[in-house]
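Residue numbers are given in our numbering: position 559 of the sequence shown equals residue 559, and the series is strictly consecutive. Quick reminder that beta carbons are idealized off the backbone N, C-alpha and C, glycines included. Here is the structure we will look at, set down as structure tokens.
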Amino acid sequence: MQRLAEICVRRPVFATMLILAMTVIGAFSYFSLGVDRFPKIDLPVISVITANPGASPQEIETEITDRIEGTVNTVSGIDELRSTSVEGLSQVFITFDLEKDPDVAAQEVRDKVDLVLRDLPETAEQPVVQKLDPDATPIVMYAISAPRSNIEITNIIKTEVKERLESINGVGDVIMYGGREREIHVNVNPDRLRAYSLSANDVANALWSQNMEMPGGRIEEGARELTVRTLGRVVDPEQFSEVVIKTVDGYPVKIRDVAMVEDAGVEPRSAASLNGTSAVVVAVRKQSGTNTAAIAEAIKERMVEIQPLLPKDFSVKLIRDQSEFINASLHAIEEHLVLGGLLAALVVFVFLWNFRSTIIAAVAIPTSIITAFALMAALGYTLNSMTMLALTLMVGIVIDDAIVVLENIYRFVEEKGMHPFQAAIEGTREIGLAVMATTLSLLAVFLPVGFMGGIMGRFMGAFGLTAAAAIAVSLIVSFTLTPMLAARWIKPKQEPLPADEAEREVLSAGEAHHAPSTSKEKGWYGLIDRFYTRMLVWSMAHRKTIVALCVIAIISIVPLFMFAGVNFLPEEDEAQFEITVRAPEGTSLAATQSVMERIARDVRERLPGVDSTLTISGFGAQQVVNNGTIFVRLRHADDRDVSQQELMARARKIVAGYPKDLSTSVQPVAAFSGGGFRNAAVQIVLSGPDINKLDQYSARLLD
């Protein structure tokens with residue numbers, strides 16, 4: 001490194017181009033980095049979802065869940081195997097050791113599930129095997145309402161909104177809740193069927209065979225070629241009534257003779273309401289690993305373009321925007337980063353009291369931080385709370401190497417009268433080993449954090465490696481740019497005039513020998529130096545006292561640590577939270593939605609600062625009708641006097657007043673989704689062979 005410093009001092013163009021290239025690459029890398037709340041975490045959790053509509057939970061458990069559990073249990077590296085069997089749905093969650101590759105685990109589970117496909121009920125759908133995707137939580141949710149039928153609203157949203165949002169680059173999926181698509185119902189009269197000696201299968205076959213479009217080949221006509229197809233698709237619902245089922249005794253029996261055709265909708269499996277008004281919710285999920293903030297912004301811009309295309313009586317309201325909190329958090333961190341850099345430069349100026357020297361030292365901050373973006377991009381990191389926190393903390397560290405090198409160069413100029421050019425070479429050479437040792441010791445602290453194990457290691461890995469990258473760049477800057485600038489910007493020491501020397505000799509017995517001769521004896525530096533010297537002398541004279549104070553300080557950590565709270569993620573005011581509701585098995589969609597709307601109404605009336613409540617029954621990929629979620633959106637923290645945590649505590653008291661067979665929980669909006677767990681602080685699992693006894697024990701536990 002000392003040789004590199006000498007090269008940079010003698011060849012300033014090389015040093016300038018080296019640092020400039022690093023900075024430019026880092027700047028371009030910054031604009032390619034994604035923006036998210038947390039680092040990308042790929043956990044080895046695999047889910048197997050199997051639907052069998054109409055089957056009871058007991059049938060699901062014995063005929064599907066147990067068989068899938070039995071076959072996947074032989075896969076190596078399983079840490080935990082959990083399953084849930086509800087009406088019409090089996091969910092099996094396999095958690096592997098963290099060292100297991102999620103892609104390999106998913107393929108091994110998929111191979112095992114294929115072995116039991118023939119043993120599953122014929123009515124069961126194909127099992128869906130997929131990895132846990134932390135990005136499965138919707139990033140944007142809109143509630144759309146209008147004074148029209150639900151079927152008509154759903155059809156307009158599907159054609160005008162859903163398809164346009166799906167075309168945005170980075171959007172993974174667009175899900176509708178509370179909608180109801182159009183469906184033609186043919187209600188057969190059994191007595192009329194028997195009268196014509198027909199069956200329901202005859203009706204179904206007639207509808208299928210007479211309601212299709214088929215290719216009819218090609219016709220050549222001179223130089224032209226025409227494509228022929230049969231137009232057999234029924235367009236008008238009334239045409240279904242005219243479909244002929246069969247000819248009986250020379251009489252064509254039509255659908256209208258044995259059934260009633262109804263233009264209706266599919267059976268609803270979800271319902272939604274905004275502040276008590278029926279609505280259709282459009283939830284947008286992004287593709288895994290993409291830029292949350294950029295995609296959310298693109299979605300909102302597209303919705304601005306879509307709204308003029310909707311009927312005038314349509315009301316569109318943004319209910320959830322995950323990018324709002326992400327952008328606010330990162331903006332606050334960026335402000336702290338910039339302010340920290342300015343304050344660090346100001347502190348350097350206060351001590352050096354030299355503008356040029358301050359610039360030489362402070363230039364290490366933006367150079368190190370910006371160049372670190374290039375290493376972040378190479379490692380596949382995003383701009384998130386962990387990486388930005390690392391860069392913010394590094395502001396005060398990356399300048400240290402430059403200060404140490406600059407101070408030693410300054411000492412050679414002032415105390416030894418050396419020309420800045422030669423002082424830059426000799427000063428860097430003298431202090432080079434100490435600077436490298438200091439930097440390597442810091443790398444030894446942060447690099448292991450980047451390779452921590454466990455769930456915490458997945459979070460802190462980006463923090464440790466980002467910090468290490470900034471520190472490594474600061475070492476390069478201190479041996480290249482710092483000595484090169486010092487050699488050219490530091491002014492040589494001026495030789496004293498003969499008159500000055502004569503005056504010094506005359507006043508040598510007086511106060512002249514107290515006059516400061518170097519910058520270290522001037523201003524703040526001189527005061528602090530004298531204070532530190534006195535403290536050092538006193539400490540050396542009272543060693544036992546110093547040791548006792550140090551021991552007391554170390555021991556005091558224990559009780560302080562016991563009083564400090566412990567949490568995986570900090571509790572932040574996001575201006576939103578959710579209330580999950582689970583009604584008893586067998587509860588209808590209408591009953592679930594009714595009780596959830598009562599809870600939402602109580603929340604709006606009894607909690608201050610509530611902006612809106614969105615109620616969704618059947619929320620989730622499987623749309624289980626006795627489950628639901630109430631999204632409570634609060635006004636901004638600056639516009640209310642009560643914190644989010646206090647409002648959540650009050651909401652828990654509200655839901656506690658409802659029947660005990662209604663399972664409820666109040667929690668922040670989940671940062672991650674999937675894995676079969678809710679975002680609860682404490683989870684207790686009861687296991688045993690008898691479901692009835694487990695139900696009794698769980699009730700006693702809740703009491």
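Residues that DSSP places opposite residue i in a beta bridge
i: Asn627; result: Arg582
i: Ala264; result: Glu183
i: Thr371; result: In DSSP, Thr371 forms no bridge with anything.
i: Thr227; result: Arg218
i: Arg633; result: Gln576, Ser612
i: Ala206; result: Answer is none; Ala206 lacks a bridge partner.
i: Ala272; result: Ile616
i: Ala377; result: DSSP output for Ala377 lists no bridge partner at all.
i: Val188; result: Ala259
Extent of the continuous beta strand (DSSP E) run through residue i
i: Phe93; result: 89-96
i: Tyr410; result: Premise fails: Tyr410 lies in the alpha helix (DSSP H), 385-415, not in any beta strand (DSSP E).
i: Tyr196; result: Segment: none, Tyr196 is in no beta strand (DSSP E) and carries neither H nor E.
i: Pro252; result: 251-254
i: Ile219; result: 213-221
i: Val161; result: Taken as a continuous stretch (DSSP letters only), Val161 belongs to no beta strand (DSSP E), as it is neither H nor E.
i: Asp611; result: 610-617
i: Arg574; result: The sequence as given places Glu at residue 574; Arg does not occur at that position. Unbroken run through Glu574: none, as it is neither H nor E.
i: Arg82; result: 78-86
i: Ser665; result: 663-667
First through last residue of the alpha helix (DSSP H) which encompasses residue i
i: Gly289; result: Taken as a continuous stretch (DSSP letters only), Gly289 belongs to no alpha helix (DSSP H), as it is neither H nor E.
i: Val174; result: It is not in any alpha helix (DSSP H) - Val174 instead sits in the beta strand (DSSP E) that spans 171-177.
i: Ala553; result: 543-555
i: Ile471; result: 454-489
i: Glu242; result: First-last for Glu242: undefined, no H or E at that position.
i: Thr428; result: 420-446
i: Leu694; result: 691-702
i: Gln593; result: 589-606
i: Leu357; result: First, the amino acid is wrong: residue 357 is Ser here, not Leu. Counting along the chain, the alpha helix (DSSP H) containing Ser357 begins and ends at 355-362.
i: Arg652; result: 644-656
Proximity winner among the options, relative to residue i (alpha-carbon distances)
i: Asp695; options: Ser665, Gln667, Pro668, Lys660; result: Lys660
i: Ala356; options: Gly457, Val253, Pro483; result: In the sequence as displayed, the identity of residue 356 is Arg instead of Ala. Out of Gly457, Val253, Pro483, Pro483 has the C-alpha closest to the C-alpha of Arg356.
i: Val404; options: Val435, Arg530, Lys416; result: Val435
i: Glu183; options: Ala146, Glu262, Arg635, Asn211; result: Glu262
i: Val280; options: Glu87, Met141, Thr65; result: Met141
i: Gln422; options: Val632, Val347, Tyr251, Pro492; result: Pro492
i: Ser76; options: Ala699, Pro44, Ser29, Ala467; result: Pro44
i: Ile68; options: Asp79, Ile139, Ser90; result: Ser90
i: Asp611; options: Arg635, Ala591, Val603; result: Arg635
i: Phe31; options: Ala374, Val682, Thr367; result: Ala374
i: Val445; options: Gly432, Met460, Gly454; result: Met460
i: Gln210; options: Leu549, Thr230, Glu225; result: Thr230
i: Met212; options: Phe240, Ala591, Leu226; result: Phe240
i: Ile365; options: Ala345, Ile46, Ala486, Asn150; result: Ala345
i: Leu20; options: Asp114, Thr438, Thr367; result: Thr367
i: Val477; options: Leu447, Thr439, Val449, Gly454; result: Thr439
i: Thr615; options: Ala637, Ala470, Leu589; result: Leu589
i: Ala294; options: Phe577, Asn275, Ser323, Ser288; result: Ser323
i: Thr613; options: Thr533, Thr290, Ser278; result: Ser278
i: Gly289; options: Asp249, Ser199, Val171, Leu536; result: Val171
i: Gly396; options: Phe412, Leu342, Ala271, Ile359; result: Leu342
Worksheet entry | Cβ contact (3+ pairs, closer than 8 Å) linking the region 113-130 and the region 30-39 | no
Worksheet item: Quick one: complete beta strand (DSSP E) runs, 3+ long, within the region 124-157?
Response: 128-131, 140-145
Worksheet item: If you scan the region 94-121 from start to end, which runs of the alpha helix (DSSP H) of 4 or more residues do you find wholly inside it?
Response: 102-115
Worksheet item: If we count Cβ pairs, one from each stretch, closer than 8 Å, do we get three or more for the region 591-608 versus the region 139-159?
Response: no
Worksheet item: Three or more C-beta pairs closer than 8 Å, one from the region 177-189 and one from the region 255-267: is that the case here?
Response: yes
Worksheet entry | At least 3 beta-carbon pairs within less than 8 Å: the region 329-339 vs the region 300-314 | no
Discussion item. Extract the residue ranges of the beta strand (DSSP E) inside the region 17-65, only unbroken runs of 3 or more that lie entirely within it.
Written reply: 45-51
Practice prompt. Just list the alpha helix (DSSP H) runs in the region 275-331, keeping only unbroken ones of 4 residues or longer that don't cross its boundaries, in chain order.
Written response: 292-306
Item to complete: Give a yes or no on contact between the region 466-474 and the region 384-404, applying the rule of three or more CB pairs nearer than 8 Å.
Response: yes
Worksheet item: Any contact of the region 52-63 with the region 5-19, i.e. 3+ C-beta pairs under 8 Å?
Response: no
Fill in: the region 334-346 touching the region 446-459, judged by at least three CB pairs closer than 8 Å
no
Discussion item. Closer than 8 Å is the cut-off here; do at least three beta carbon pairs connect the region 265-275 with the region 162-181?
Written reply: yes
Worksheet item: Should the region 547-560 be regarded as contacting the region 635-645, the criterion being three or more beta carbon pairs within less than 8 Å?
Response: no
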